[in-house]
Amino acid sequence: MVGLSTMTAGAAELGPWTFREVNVAARLKDWMPAVVPGCVHTDLLRNKKIPDPFVGTNEKDLQWIEKSDWEYRSSFVADEALLAHERVELVWKGLDTFAEVFVNGVSVLWADNMFRTWRIDVRSRLVKGANNVFVRFRSPINFVRPAYDKLGYRLPAINDQATDMVSMFARKAPYHYGWDWGPRFVTSGIWRPVVIEPWDAARLDDVQVVQRELTDARARLSVVATVQATRAGKAKLTVTSVDGAAPPVTVEAALVPGPNRVTAEVVVDKPQRWWPHGLGAQKLYTFETALAVVDGAGAVQPRGALKTRIGLRTLEVVHVKDKDGKTFTIKVNGAPVFMKGANYIPSDSFVDRVTPERYRTLLQSAADANMNMLRVWGGGIYEDDRFYDLADELGLLVWQDFMFACSMYPGDDAFLENVRREALDNVRRLRNHASLALWSGNNEIEAAWAQWGWQWKFHLGKAAQDAIQRAYDRIFREILPRVVADEDAGRFYTSSSPSANEPGVPPNKLGWGDNHYWGVWHAEAPYSDYATHTSRFMSEYGFQSFPTLDSVARYAPPTEWRIDSPVMLSHQRHPRGNQLVRTYMERDFHVPKDFGAFLYLSQVLQATVIKYGAEAHRRRWPYNAGSLYWQLDDCWPVASWSGIDYYGRWKALHYAARKFFAPVLVSPVEDDGNLRVYVVSDRRADTRMKLVVRLVDFEGKELWRHQQDVVAKANTSAVVWSTWKKDALRGADPAHVVLVTELFEGATSLSRNLFSFVKTRDLELPAPELQIAVDARPTGAAVRVTAKRFARAVYLSAKDAGAEGGASNGTFSENFFDLLPGESITVDWKAAPGTPVPDAARLSASLRVMSVRDTY
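Each number in the working numbering corresponds to the 1-based position in the sequence shown with 565 added.
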């Protein structure tokens, strides 16, 4: 929903902000300039009072900030026009977190939830001329400490990186307290905009568009407006289609003091449907809802308008018992759709730094990798409206968690009411988005409490366990589902992820609902286990890698370029991360020869592992209906499970995702000596194709070829060719050959997948003798790479001596690609925004290329 589209006469704006620390032993007592929206950490950095929190080991020296109280102040001018209004409201769209607001020295608001919107009428406190606004933030740690001490037992948590874990007592982004991929920066501040809204008689508070009917002939919509009124009176509500899709509709209503619901019925003839990415267009309709009041003389007085953008589509989560357990299949416009995507975390530890451009880059990258769903994970934030707007435009369905993760929570009445109001605010804000697919109560709490080896219960007595269970049930089985049912009727709600949502069935049980599988990684299981550990929807699985050297150079000096250096360990938050990467790497690859090779090879390894898992999930369609790996992005520069690093660079995983999430996939796999080739199609219609299978040695000799016509049935996965592994080799040495499987539609290659008969470490890879040719373009260059012999995971980078930290000064359209002997590929290189485009000679000199063969 877009905000007020018409401004009220007499509006005012808050002036510049300043801030300071207010502890008894405060080190920063002087007022300093501040930016709103923002937070204490970014304001301190801007004022050069702290070093860059992300560089080196600076994080550990900045933990004092969370223990301090902070004050922010500003002012605005109230003229006669502003003071003439009945109501003048300060609307705080995000206060982080324990904040008292004063206007002209009088306390007007106490806020205790980062995720809520706070609206307070301050008309009676205003004076003509300058008016002061003052916000005092209490330390998120110190403020909740009495509740922690009083409880009598310790609530379990897994992420909180402090000895005394108090995070669950605050309705604040859980990841701020640390995670196994994120730092601990417990922020305070005005993190979303604050606006002044004057109004008289009535104002338009909210608009919900409810789809009552959708056929090819028409869409019938109810536009339900919530109108806040100061007194009884008459009102007119007019709904207009901005793009002319429906005739205007005006209704009259009698208002009573307080909230009023006014409904207008709208019909769109011959509606165009909204489809997920890759299956059709993302048609969006915009409606303007305008409010007017009728005064005693019969005159009509406008009272503002809201614009609401919607997509017309049906969406159903089919979660029903069958012979295998319980399904978890998403149907859009009546068609079951395989969900392809990743888990999304906040893209910065300091969310005020997430710009519209950054949102667009990340979500466009998801779409470019053929994703159609992102899960907004419950340890972060309810994302900004811009995130969901982009998801609507790009066709990315959103699995939306409520913001609870990996902790148990208090159950007192005040906390529960706070949760209820938080849910109301966010469900109402997000419910009109076409991209919103479902609501999930929390991340992993149900499974951790019930069965996982987190040992949460063992230190607690029965009374404490019972109290914690009651609190869980109140939040996730009563309050949240009731809010969803009342405010977003028809949208699916699951109590937790993972969950069977079935009495007596343990969460995360194979075959029952969605599943998080971490046997690969945490338990060191071979990644081939993905083929057998597949449930009805794989909503989490993942594998770690490091950023490339270009990114590492921005936070670690060359003296720290070793995996176990203090800086690198500070940017590796998983306690066993380095060991696990090494363990898996040694199973598949030679030991890398140096630091740069290790970083590169960690990405190749990650892409190899997740590619295997994602393809295994797709091959099991329709039994399995989704594959969302952990994770899309990073909140700071770190070794993590991301496919895109903090600086926006695609890792090998994200390049691979574009292939393994392609609309049509050819997927070869070995099962107990039998080699099978699957074709998986997401298309809505059958497609005639040609399958070509050939065995090629590393020098380029084709040892045999098979081709056949296939019909890829719409929305299916099927074996189209199989043979015994030994028969496919036909006596060839498995260390010197690769099986090439490829699907063609006419002359166009839709999908190519290589299969090796042995691990990469057992391949006798030759020196590929890669040749590079560069052709300059106005915005970059075309880089042509040719391999004389087989090259595994070719990686291109471009150095610029003038770039910050020696960072790469552009992006490649393709990378970490395999090249067959004699094969060439042309990759587009685009210069970074604001970076001069070098000539071909300079770019050629700056290019670096490596493959797996170069790592040992």
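Cβ coordinates follow ideal geometry from the N, Cα and C atoms, glycine included.
Keep in mind the model is a prediction, meaning the values are calculated, not measured.
Nearest-angstrom beta carbon gap, residue j and residue i [assumed within contact, 8 Å]
i       : j       : result
Ile630  : Val601  : With 8 Å as the limit, Ile630 and Val601 do not qualify as a contact, their Cβ atoms being about 18 Å apart.
Asn678  : Asn983  : 5 Å
Arg1413 : Ser1362 : 5 Å
His1155 : Arg918  : In fact, because the Cβ distance is near 40 Å, the residues do not count as touching under 8 Å.
Leu786  : Leu856  : Contact flag wrong, Cβ pair sits at about 18 Å.
Ser1321 : Leu1230 : With 8 Å as the limit, Ser1321 and Leu1230 do not qualify as a contact, their Cβ atoms being about 18 Å apart.
Trp683  : Leu660  : 6 Å
Ala1347 : Asp1340 : 4 Å
Trp942  : Ala1002 : Trp942 to Ala1002, Cβ: 14 Å. No contact.
Thr894  : Pro1187 : 7 Å
DSSP-derived helix/strand/coil call for residue i
i       : result
Ser1316 : strand
Gly1371 : Per-residue confidence for Gly1371 stands at a pLDDT of 36, beneath the threshold of 50, marking its modelled position as unreliable; no derived number is given.
Ala1366 : With a pLDDT of 30 at Ala1366, under the threshold of 50, the predicted position of this residue should be treated as unreliable, though the coordinate-derived value follows. Residue state, collapsed to three classes: coil.
Thr894  : strand
Lys1176 : helix
Asn707  : helix
Tyr1243 : strand
Phe903  : coil
Trp683  : strand
Lys801  : strand
Ala695  : strand
Tyr1220 : helix
Leu526  : Summary: the structure shown does not reach residue 526, with the chain confined to residues 566 through 1421, and so no result is reported for it.
Gln1171 : helix
Asn908  : strand
His1301 : helix
Val1276 : strand
Val671  : strand
Gln773  : strand
Trp984  : The sequence given here has Val at residue 984, not Trp. DSSP places Val984 in helix when its eight states are reduced to three.
Thr573  : Bear in mind that the predicted position of Thr573 carries a pLDDT of just 43, short of 50, making it unreliable; the figure below should be weighed with that in mind. Residue state, collapsed to three classes: coil.
Glu624  : helix
Residue nearest to residue i in terms of C-alpha spacing, selected from the options
i       : options                               : result
Asp1434 : Val858, Val673 and Ala782             : Here the chain covers residues 566 to 1421 and nothing more, so residue 1434 does not appear.
Val751  : Val1339, Ser1005, Asp644 and Gly945   : Gly945
Val1245 : His1301, Arg1295, Leu1308 and Ser1287 : Leu1308
Thr1059 : Ser1104, Trp1021 and Glu1267          : Ser1104
Arg1418 : Asn898, Gln1272 and Phe1355           : Phe1355
Ala932  : Val642, Ala649 and Leu1197            : Leu1197
Thr1313 : Ser1192, Gly1265, Leu1256 and Lys1176 : Leu1256
Arg688  : Leu1384, Ser704 and Ala577            : Ala577
Leu959  : Asp950, His842 and Pro763             : His842
Ala1422 : Leu716, Gln1109, Glu1009 and Ala784   : For the chain, the structure presents residues 566 to 1421; residue 1422 sits outside this window and is missing.
Thr1400 : Pro1343, Leu1385 and Gln847           : Pro1343
Lys762  : Lys872, Lys1176 and Ala643            : The sequence given here places Glu at residue 762; Lys does not occur at that position. The candidate whose alpha carbon is nearest that of Glu762 is Ala643.
Ala727  : Pro705, Leu716 and Ala1028            : Pro705
Tyr1092 : Ala1012, Arg1042 and Thr1173          : Thr1173
Thr892  : Asn1189, Leu1335, Asp1383 and Gly1265 : Asn1189
Proximity test, residue i beta-carbon vs the ligand MG heavy atom, cut-off 8 Å
i       : result
Ser1207 : Inclusion of the ligand MG in the displayed structure is not the case, the ligand content being empty and no account of it being possible.
According to DSSP, residues forming a beta bridge with residue i
i       : result
His741  : Its beta-bridge partners do not exist; DSSP assigns none.
Val731  : Looking at the DSSP assignment, Val731 forms no beta bridge with any residue, so it has no partner.
Arg1248 : BP columns for Arg1248 are empty, so no partner.
Ile1209 : Trp1215
Met1254 : Val1275
Gly823  : Ala794
Trp839  : Gln847
Arg768  : Gln793
Tyr1058 : Trp1004
- request: Decide if the stretch 1209-1228 is in contact with the stretch 1270-1277; the criterion is three or more beta carbon pairs, one per stretch, under 8 Å apart.
  value: no
Counting pairs of Cβ atoms below 8 Å between the stretch 705-724 and the stretch 738-758, do you hit three or more? They touch, by the three-pair rule.
Taking 8 Å as the threshold, find out whether the stretch 912-923 comes into contact with the stretch 854-869 through three or more Cβ pairs.
no
inquiry  = Whether or not the stretch 1033-1049 and the stretch 1069-1078 are in contact is what I'm after, with contact meaning three or more pairs of Cβ atoms, one per stretch, closer than 8 Å; do they touch?
reply    = no
*asked:* Whether or not the stretch 1249-1259 and the stretch 1199-1212 are in contact is what I'm after, with contact meaning three or more pairs of Cβ atoms, one per stretch, closer than 8 Å; do they touch?
replied: no
Between the stretch 729-741 and the stretch 701-709, do at least 3 Cβ pairs fall closer than 8 Å?
-> yes
_With a threshold of 8 Å, are at least 3 pairs of Cβ atoms found where one atom belongs to the stretch 823-837 and the other to the stretch 948-955?_
no
- prompt: With a cut-off of 8 Å, do at least 3 Cβ pairs link the stretch 1021-1039 to the stretch 900-919?
  reply: no
Within 8 Å, do at least three Cβ pairs link the stretch 643-650 to the stretch 786-797? No: the two stretches stay apart, fewer than three of their Cβ pairs being nearer than 8 Å.
- prompt: Does the stretch 756-773 come close enough to the stretch 585-599 that 3 or more CB-CB pairs lie under 8 Å?
  reply: no
- request: Check whether the stretch 666-680 touches the stretch 619-633, taking contact to mean three or more Cβ pairs, one atom from each stretch, closer than 8 Å.
  value: no
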